[in-house]
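2 protein chains.
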Amino acid sequence: MLQKFKKHIAVNFPFLEGKKLLIAISGGVDSVVLTHLFSELNFDISLAHCNFKLREKESDLDEEFVIKLSQKTSNQIFTIIFNTDKFAKKNKLSTQIAARDLRYKWFKELVETHNFDYVLTAHHADDNLETFLINLTRGSGLDGFTGIPSVNGNIVRPLLAFSREEIINFATENNIEWREDKSNASTKYTRNKIRHQILPVLKEINPSLLETFSNTIENLKESAQIIEDRIEEISKKIISKKNEILRFDIIKIQQLSNPKAYLYQLLKKYHFTEWNDIYNLLSSQSGKQIISETHRLLKDRDFLLLSKRDFSTSPKITFKIEKNTLEITEPLHLSFKRVNEKSIGNKQIIYVSKELLEFPLIVRKWENGDYFFPAGMQGKKKLSKYFKDEKLSLLEKEQTWLLCNAKNEIIWVIGKRQDNRFLVQDTSKEIVKVSII
Amino acid sequence: MLQKFKKHIAVNFPFLEGKKLLIAISGGVDSVVLTHLFSELNFDISLAHCNFKLREKESDLDEEFVIKLSQKTSNQIFTIIFNTDKFAKKNKLSTQIAARDLRYKWFKELVETHNFDYVLTAHHADDNLETFLINLTRGSGLDGFTGIPSVNGNIVRPLLAFSREEIINFATENNIEWREDKSNASTKYTRNKIRHQILPVLKEINPSLLETFSNTIENLKESAQIIEDRIEEISKKIISKKNEILRFDIIKIQQLSNPKAYLYQLLKKYHFTEWNDIYNLLSSQSGKQIISETHRLLKDRDFLLLSKRDFSTSPKITFKIEKNTLEITEPLHLSFKRVNEKSIGNKQIIYVSKELLEFPLIVRKWENGDYFFPAGMQGKKKLSKYFKDEKLSLLEKEQTWLLCNAKNEIIWVIGKRQDNRFLVQDTSKEIVKVSII
Chain A
1 MLQKFKKHIA VNFPFLEGKK LLIAISGGVD SVVLTHLFSE LNFDISLAHC
51 NFKLREKESD LDEEFVIKLS QKTSNQIFTI IFNTDKFAKK NKLSTQIAAR
101 DLRYKWFKEL VETHNFDYVL TAHHADDNLE TFLINLTRGS GLDGFTGIPS
151 VNGNIVRPLL AFSREEIINF ATENNIEWRE DKSNASTKYT RNKIRHQILP
201 VLKEINPSLL ETFSNTIENL KESAQIIEDR IEEISKKIIS KKNEILRFDI
251 IKIQQLSNPK AYLYQLLKKY HFTEWNDIYN LLSSQSGKQI ISETHRLLKD
301 RDFLLLSKRD FSTSPKITFK IEKNTLEITE PLHLSFKRVN EKSIGNKQII
351 YVSKELLEFP LIVRKWENGD YFFPAGMQGK KKLSKYFKDE KLSLLEKEQT
401 WLLCNAKNEI IWVIGKRQDN RFLVQDTSKE IVKVSII
Chain B
438 MLQKFKKHIA VNFPFLEGKK LLIAISGGVD SVVLTHLFSE LNFDISLAHC
488 NFKLREKESD LDEEFVIKLS QKTSNQIFTI IFNTDKFAKK NKLSTQIAAR
538 DLRYKWFKEL VETHNFDYVL TAHHADDNLE TFLINLTRGS GLDGFTGIPS
588 VNGNIVRPLL AFSREEIINF ATENNIEWRE DKSNASTKYT RNKIRHQILP
638 VLKEINPSLL ETFSNTIENL KESAQIIEDR IEEISKKIIS KKNEILRFDI
688 IKIQQLSNPK AYLYQLLKKY HFTEWNDIYN LLSSQSGKQI ISETHRLLKD
738 RDFLLLSKRD FSTSPKITFK IEKNTLEITE PLHLSFKRVN EKSIGNKQII
788 YVSKELLEFP LIVRKWENGD YFFPAGMQGK KKLSKYFKDE KLSLLEKEQT
838 WLLCNAKNEI IWVIGKRQDN RFLVQDTSKE IVKVSII
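Read top to bottom, the protein sequences are chains A and B. Mapping the first sequence onto my numbering, position 6 (from 1) lands on 6, and the numbers just tick up by one. For my numbering, count along the second sequence from 1 and bump the result up by 437.
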């Protein structure tokens, strides 16, 4: 296998030559063989081992084992101990996902601190097929069937073309020792069932299953690539950008052969899960919205507006500003400055008469029933009416902040329009310049 | 299940209402239950049973069984006996494929003769998943993972949303009898292994596997739809049509993100199998070609030319025309007519002096070394040079026929240019008008 592996690296991963490599090592046969192979080929390797403390004493023995291994094979070994269960509970994650997140975050830190070029993991062909079948049992789309990528940023998986059998044979033939992974069966329940009960039957049906599968994966990747091309092209026609908001043209979406399928492809990277609801948004009333972990999709007349969720605020949160404050940075950056003379205001700057203010001032979002006296106009106006006349989208309304006095009267629709009541008067002795920075 | 089924038909197959239906029945539980269900719902059904004679006496007992069933449930039953093995051998097909071809061909005949609106088959959700896994073991692309279509032309599969378990339960609860299919295990080896060894494990992992799977299939179908859209759109830019030949612009193909993937999608319906060879054709010399069962793809400078294969001819086949023949229809339609006067010839019509001809005349394709004396020119010219000057593509050259005399001298490059040597002379007594009809 060493010669085959050498050739495989030269052909498929020539960029690894001469680079600083970090191998993720558990102590299991896959990562141990990966380490031996790169060591034999005289690559510049270091090891990184995570002790997830999930298997008590066994976890510590794994650590001891890989430290010993590193002495013969690599420049150095980094080890870390994670309180995985605690982290998982705190972040409401499964143990498996928690371990993965912790692991990759740490690798990233090591890469940055020690200038590694690539992180190598020991995933192999059987892992790839197992993942395919796990995704089949869980339900998936095409993206779940295109395999583990062999190169993903600086993560490289040089063993993906090799079977578990080849790897174990290599270890056995070369008297390489490894640690059996006796990890918690429950977290690996599905994978173990697939590994031990399904893969053997599939391999009986087709002894070259893994090779066949690798072609299948290639085919599906190519399909995914064509879909990407189509989505890229259609995005240009459907999506426009305004400030930080993406506007999806509903009429154009509805003209596509399968609007629901396109919506999924257009929005999948924004962590939505309720695809039926999103599809229904096309024909729902303005104002309806769907929230993902990270984004908000809002129906606004002929458009779906996509924006990042703003976790710092909610409509009910108010920010108080005490007398003599010079500057606030939350929820937005404003400065307050005493000036001797009023100059001409604009959308970014207003001048107010300090005597007319009542402290503490308040910065808040708009609410139903809000009204103000727009500068330059006679009388008062409902804020909702003002917004409508200005043709603000629902999202823009949501993102607008109001500067109010202690009585909750609007001084400034920030960035848009000042209120008549607090304008600088001829009699004003103290003038405050408020500006968006 | 009857109520669920009734609703399922009303929602998903409303078009079946009031139509003449033909149910394909083997005698197995699936098709027997399908028959009972449609009979209970008072649809207008007839049955069609194929006796493939693959299981000797058992096959005949199946036939007896379904004939009896038809008396209680349907208008009529059509039966047919196939010598499947003989047909399979003759056509070099597997028994399974042979049986399928025979079956669907017969259904088509029945539909046409008896004016059925739809043919119903009893495929169910487990069949669908089994097919997915069979395709996984054999290797496949996306098209192998999008499931059996529930409606495909006039073939309808109303049970695709139901599991084998539901179907068997329905039969058991309603004391419905059926015939166990003890068919030749070898032809069903793979399917049986998947049915009995793999599906049960997957269902242990996920008890709602079939439901999950049906969503997966929907997702993959949607992906396939997007690919189709992309291919349709890109085809407009890449393919032009000239006569019956499709011209694929090589430079434009090479500009695509993944030319190989696109070539597959653009050409998959033409029965090619050697996709690497087709990809290599992009950069190969002019004149190289790849043949499928039905089509020919030829590299010709900046284009790939796709044409139907012409099975009636090959370069070495010649067609003889005896003296006094009035008309030939093969390899192309020509008429030979004695006329008193020469009129003006054109690409479709020539006039020759009969005295100068030597019979039998020959119609053949061109060969290396061919030359002729083009009418209206001095001297002789190599045919290859003539083709080049006329800027004929390789495919057009191949499709050109020559009319020659018994000595193999060219009289007419048919449809293109006559030869000087056989023109009508002032001294000619007998004139023959040769025309393409």
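Yeah, the Cβ is synthetic: ideal placement off N, Cα and C, and Gly gets one too.
Contact under 9 Å by Cβ, residue i with residue j
i	j	result
S729 of chain B	T710 of chain B	yes
W366 of chain A	L383 of chain A	yes
H486 of chain B	I517 of chain B	yes
D438 of chain A	I97 of chain A	Since the displayed chain A opens at 1 and closes at 437, residue 438 of chain A lies outside it and no answer follows.
I321 of chain A	V352 of chain A	no
I873 of chain B	I848 of chain B	no
A536 of chain B	L471 of chain B	no
E228 of chain A	K630 of chain B	no
K7 of chain A	Y118 of chain A	no
M438 of chain B	E603 of chain B	yes
G578 of chain B	N152 of chain A	no
D62 of chain A	H123 of chain A	no
S483 of chain B	L459 of chain B	yes
T216 of chain A	G576 of chain B	yes
N639 of chain B	L199 of chain A	Checking the sequence shown, residue 639 of chain B turns out to be Leu, not Asn. No, these two residues do not count as a Cβ contact at 9 Å.
S877 of chain B	K870 of chain B	Since the first residue of chain B shown is 438 and the last is 874, residue 877 of chain B is not available in this structure.
Contact set between residue i and chain A, taken where Cβ atoms lie within less than 8 Å
i	result
Q662 of chain B	S257, N258, A261
T649 of chain B	T137, R138, G139
Neighbour list for residue i in chain B, Cβ cutoff strictly below 7 Å
i	result
D229 of chain A	R667, S694
Q197 of chain A	V638
L209 of chain A	T574
Selected residue, minimal CA-CA separation from residue i, among the options
i	options	result
H473 of chain B	B:F582, B:S463, B:I504, B:S511	B:S511
T121 of chain A	A:Q71, A:L133, A:A24, A:L282	A:A24
D370 of chain A	A:F387, A:V33, A:E355	A:F387
F162 of chain A	A:T212, A:G144, A:I134	A:T212
L282 of chain A	A:H295, A:K354, A:D300, A:I234	A:D300
R746 of chain B	B:K542, B:K760, B:S468, B:E681	B:E681
N408 of chain A	A:H8, A:E63, A:R338, A:L361	A:L361
H333 of chain A	A:L102, A:W106, A:D419, A:I349	A:I349
W178 of chain A	A:L305, A:V32, A:N206, A:Q399	A:V32
Y442 of chain A	A:H271, A:Y262, A:Y270, A:K269	Chain A is shown from 1 up to 437; residue 442 of chain A falls before or after that span and cannot be answered.
Q692 of chain B	B:I675, B:Y707, B:H708, B:L683	B:I675
D426 of chain A	A:E355, A:N405, A:K397	A:E355
E669 of chain B	A:L246, A:S257, A:S214	A:S257
E835 of chain B	B:L742, B:I765, B:K866, B:L794	B:L742
P388 of chain B	A:K72, A:T190, A:S223	Residue 388 of chain B is absent from the structure shown; chain B starts at 438 and stops at 874.
Chain B contact residues for residue i, given Cβ-Cβ distances below 8 Å
i	result
S140 of chain A	T653, N656
E204 of chain A	K630
E58 of chain A	Chain B residues near E58 of chain A: none, gap ~26 Å exceeds 8 Å.
Rounded Cβ spacing between residue i and residue j (contact assumed at less than 8 Å)
i	j	result
D249 of chain A	F303 of chain A	6 Å
K760 of chain B	F796 of chain B	4 Å
V424 of chain A	K342 of chain A	4 Å
R296 of chain A	Q285 of chain A	The Cβ separation is near 16 Å, so there is no contact.
I663 of chain B	Q265 of chain A	7 Å
F13 of chain A	F52 of chain A	Not really, about 28 Å apart at Cβ, beyond 8 Å.
L129 of chain A	L210 of chain A	7 Å
N857 of chain B	A812 of chain B	5 Å
V156 of chain A	L69 of chain A	No, V156 of chain A and L69 of chain A are not in contact; Cβ-Cβ is about 20 Å, not under 8 Å.
Contacts that residue i makes with chain A (C-beta to C-beta distance below 7 Å)
i	result
L860 of chain B	Those do not exist, as L860 of chain B stays about 57 Å from chain A at its closest Cβ, beyond 7 Å.
T627 of chain B	I205
Residue i beta carbon near the ligand PLP (any heavy atom closer than 8 Å)
i	result
L263 of chain A	Inclusion of the ligand PLP in the displayed structure is not the case, the ligand content being empty and no account of it being possible.
Bridge partner(s) assigned by DSSP for residue i
i	result
D497 of chain B	In DSSP, D497 of chain B forms no bridge with anything.
E764 of chain B	B:S772
I847 of chain B	B:C841
Y626 of chain B	BP columns for Y626 of chain B are empty, so no partner.
L451 of chain A	The first residue shown for chain A is 1 and the last is 437, placing residue 451 of chain A beyond what the model contains.
Partners in chain C for residue i, counting only beta-carbon separations shorter than 7 Å
i	result
Q265 of chain A	As a matter of chain content, chain C is missing from the structure shown, whose protein chains are A and B.
Listed by chain order, chain B residues near residue i by CB distance under 9 Å
i	result
T146 of chain A	Neighbours of T146 of chain A on chain B: none; closest Cβ ~10 Å, over 9 Å.
T121 of chain A	Under the 9 Å cutoff, chain B gives no residues; its nearest Cβ is about 25 Å from T121 of chain A.
Within chain A, the residues that residue i reaches when beta carbons sit closer than 9 Å
i	result
T766 of chain B	Under the 9 Å cutoff, chain A gives no residues; its nearest Cβ is about 44 Å from T766 of chain B.
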